[in-house]
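Novice: Protein chains in written order, with our numbering: chain A, 265 to 377; chain B, 486 to 601. For every residue, glycine included, the Cβ atom is placed at its ideal position computed from N, Cα and C. Keep in mind it's a predicted model, so treat the numbers as computed, not measured. Just dropping this structure here.
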Amino acid sequence: GQQVMQIPQYQHVQEGEDFTTYCNSSTTLSNIQWYKQRPGGHPVFLIQLVKSGEVKKQKRLTFQFGEAKKNSSLHITATQTTDVGTYFCAGRVYGGSQGNLIFGKGTKLSVKP
Amino acid sequence: DGGITQSPKYLFRKEGQNVTLSCEQNLNHDAMYWYRQDPGQGLRLIYYSQIVNDFQKGDIAEGYSVSREKKESFPLTVTSAQKNPTAFYLCASSIRAGLAGYNEQFFGPGTRLTVL
Numbered sequence: 265g266q267q268v269m270q271i272p273q274y275q276h277v278q279e280g281e282d283f284t285t286y287c288n289s290s291t292t293l294s295n296i297q298w299y300k301q302r303p304g305g306h307p308v309f310l311i312q313l314v315k316s317g318e319v320k321k322q323k324r325l326t327f328q329f330g331e332a333k334k335n336s337s338l339h340i341t342a343t344q345t346t347d348v349g350t351y352f353c354a355g356r357v358y359g360g361s362q363g364n365l366i367f368g369k370g371t372k373l374s375v376k377p
Numbered sequence: 486d487g488g489i490t491q492s493p494k495y496l497f498r499k500e501g502q503n504v505t506l507s508c509e510q511n512l513n514h515d516a517m518y519w520y521r522q523d524p525g526q527g528l529r530l531i532y533y534s535q536i537v538n539d540f541q542k543g544d545i546a547e548g549y550s551v552s553r554e555k556k557e558s559f560p561l562t563v564t565s566a567q568k569n570p571t572a573f574y575l576c577a578s579s580i581r582a583g584l585a586g587y588n589e590q591f592f593g594p595g596t597r598l599t600v601l
């Protein structure tokens, strides 16, 4: 079936270091969303990207959507302990089911103070 | 205070028993979803509903059933036919599901089901 691959699965960083997680799809996506799940919590929406080559920023977080709309990335500058959690991307395939967001398996970020 | 509630937070059942997980939202959202999350896995869609009295199967619907009799409520029944039911179940809603789903999903706190 259709898949959205996300790497790396785990990332351990020292506080202050940068962090990047990548999502790749074999098929073109109509849009991609990013969610953050804190340990023991539930996913919380961060942002949505729709346009080819789109770049959006939220403070220290930078989100990109590839030109071909098949890949996306989330970059965190100067990580803080509050960034700890699992980051998921979720994409919708063109022509796909209206309700079906395909989630990546997530990247679990740990930050050492 | 608007949001999505799921109850209970933890649920234990014996093998072979059906169990129903509750999901209620007061956000006036049209669309509601049920996901299953296993350790190290992403979220997998079980069922979704775009409107009252209508719902569609997701990727892993076998062994599950749902109903959508009210806009606010979307209960999930885990039946004895589900071979590996122990998991974290998340309910979500969005304003609507149409037009390629350009809507963020709001998640409830989840129910952790353990089948003994």
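Here's the rule: buried if 16 or more other CB atoms are within 10 angstroms of the residue's CB, otherwise exposed. What is H276/A?
Specialist: Mapped onto the first sequence, residue 276/A falls at position 12. So H276/A ends up on the exposed side.
Novice: In whole angstroms, what separates the C-alpha of V308/A from that of K334/A?
Specialist: Start at 1 with the first residue of the first sequence, and residue 308/A comes out as number 44. Start at 1 with the first residue of the first sequence, and residue 334/A comes out as number 70. About 23 Å.
Novice: With 8 Å as the threshold, decide whether the Cβ of L506/B is near any Cβ in chain A.
Specialist: To locate residue 506/B, count along the second sequence from 1; it is residue 21. No, no contact with chain A.
Novice: So Y520/B packs on L575/B, CB below 8 Å; how close in whole Å?
Specialist: Position 35 of the second sequence, counted from the start, is the residue given in the question as residue 520/B. Position 90 of the second sequence, counted from the start, is the residue given in the question as residue 575/B. That pair is a contact at about 5 Å.
Novice: Kindly confirm or deny that the region 491-510 of chain B and the region 309-322 of chain A touch, where touching means at least three C-beta pairs closer than 8 Å.
Specialist: no
Novice: Who pairs with N295/A in a beta bridge, going by DSSP?
Specialist: Counted from its first residue, the first sequence places residue 295/A at position 31. Answer by DSSP bridge pairing, in chain order: R356/A.
Novice: Any idea if S492/B is buried or exposed, counting beta-carbon neighbours within 10 angstroms, 16 or more meaning buried?
Specialist: Start at 1 with the first residue of the second sequence, and residue 492/B comes out as number 7. Flag for S492/B reads exposed.
Novice: To the nearest angstrom, how far is it from the Cα of F563/B to the Cα of F327/A?
Specialist: Numbered from 1 along the second sequence, position 78 holds the residue referred to as residue 563/B. Numbered from 1 along the first sequence, position 63 holds the residue referred to as residue 327/A. First, the residue type needs correcting, since residue 563/B is Val and not Phe in the sequence shown. Looking at the two C-alpha atoms, the distance is approximately 37 Å.
Novice: Under a Cβ-count criterion, where at least 16 other Cβ atoms within 10 Å of its own Cβ denotes burial, should N295/A be classed as buried or exposed?
Specialist: The residue labelled residue 295/A in the question sits at position 31 within the first sequence. So N295/A counts as buried.
Novice: Run through DSSP, which three-state label would D515/B get?
Specialist: Mapped onto the second sequence, residue 515/B falls at position 30. D515/B: coil per DSSP, three-state reduction.
Novice: For a contact meaning CB atoms closer than 7 Å, what does P272/A contact in chain B?
Specialist: Taking the first residue of the first sequence as 1, we reach residue 272/A at position 8. Chain order gives no chain B residues near P272/A, where near means a beta carbon separation below 7 Å; the closest approach is about 12 Å.
Novice: With a threshold of 7 Å on Cβ separation, who are the neighbours of Q567/B within its own chain once the five nearest residues in sequence on each side are excluded?
Specialist: On the second sequence, position 82 is the one that residue 567/B refers to. Here the set comprises G548 and Y549.
Novice: From the DSSP output, in three-state form, read off D282/A for me.
Specialist: Here residue 282/A refers to the residue found at position 18 when the first sequence is read from its first residue. If DSSP states are grouped into helix, strand and coil, D282/A belongs with coil.
Novice: Report yes or no: is there a C-beta of chain A within less than 8 Å of the C-beta of L598/B?
Specialist: On the second sequence, position 113 is the one that residue 598/B refers to. No, L598/B does not count as interfacial toward chain A.
Novice: Go to K379/A, then tell me how far its beta strand (DSSP E) extends in each direction, as first and last residue.
Specialist: Look at the range of chain A in this structure, 265 to 377, and you will see that residue 379/A is not part of it.
Novice: Should T345/A be labelled buried (16 or more other beta-carbon atoms within 10 Å of its own) or exposed?
Specialist: Position 81 of the first sequence, counting from 1, holds the residue named residue 345/A. T345/A should be labelled exposed.
Novice: Cβ atoms of V268/A and F329/A: under 8 Å apart, would you say?
Specialist: As a working note, residue 329/A is residue 65 in the first sequence. As a working note, residue 268/A is residue 4 in the first sequence. Contact flag unset, no.
Novice: Listed in chain order, which residues of the region 548-575 of chain B have Cβ atoms closer than 8 Å to some Cβ of chain A?
Specialist: L575
Novice: Could you check which residue in K376/A, V375/A, A354/A and K315/A has the C-alpha nearest to that of K369/A?
Specialist: In the first sequence, counting from the first residue as 1, residue 369/A sits at position 105. Considering only alpha carbons, the answer is A354/A.
Novice: So which residues of chain A does P594/B contact, with C-beta pairs closer than 9 Å?
Specialist: Here residue 594/B corresponds to residue number 109 of the second sequence, with the count starting at 1. The answer, in chain order, is G305 and H306.
Novice: In the structure shown, what three-state DSSP assignment does T571/B receive?
Specialist: Indexing the second sequence from 1 puts residue 571/B at position 86. Coil, per DSSP.
Novice: How about P570/B and L598/B: do their beta carbons lie closer than 8 Å?
Specialist: Numbered from its first residue, the second sequence carries residue 570/B at position 85. Numbered from its first residue, the second sequence carries residue 598/B at position 113. Yes.
Novice: Please check if any C-beta of chain A sits within less than 8 Å of the C-beta of G488/B.
Specialist: One-based indexing of the second sequence puts residue 488/B at position 3. It does not: the Cβ of G488/B has no partner Cβ on chain A nearer than 8 Å.
Novice: Cα-Cα, which of A572/B, S578/B and F592/B is closest to Q526/B?
Specialist: Here residue 526/B is taken as the residue at index 41 of the second sequence, counted from 1. The candidate whose alpha carbon is nearest that of Q526/B is A572/B.
Novice: For T490/B, is the classification buried or exposed, using 16 other Cβ atoms within 10 angstroms of its Cβ as the cut-off for buried?
Specialist: Counting from 1 along the second sequence, the entry for residue 490/B is found at position 5. By the neighbour-count rule (16 or more Cβ atoms within 10 Å), T490/B is not buried but exposed.
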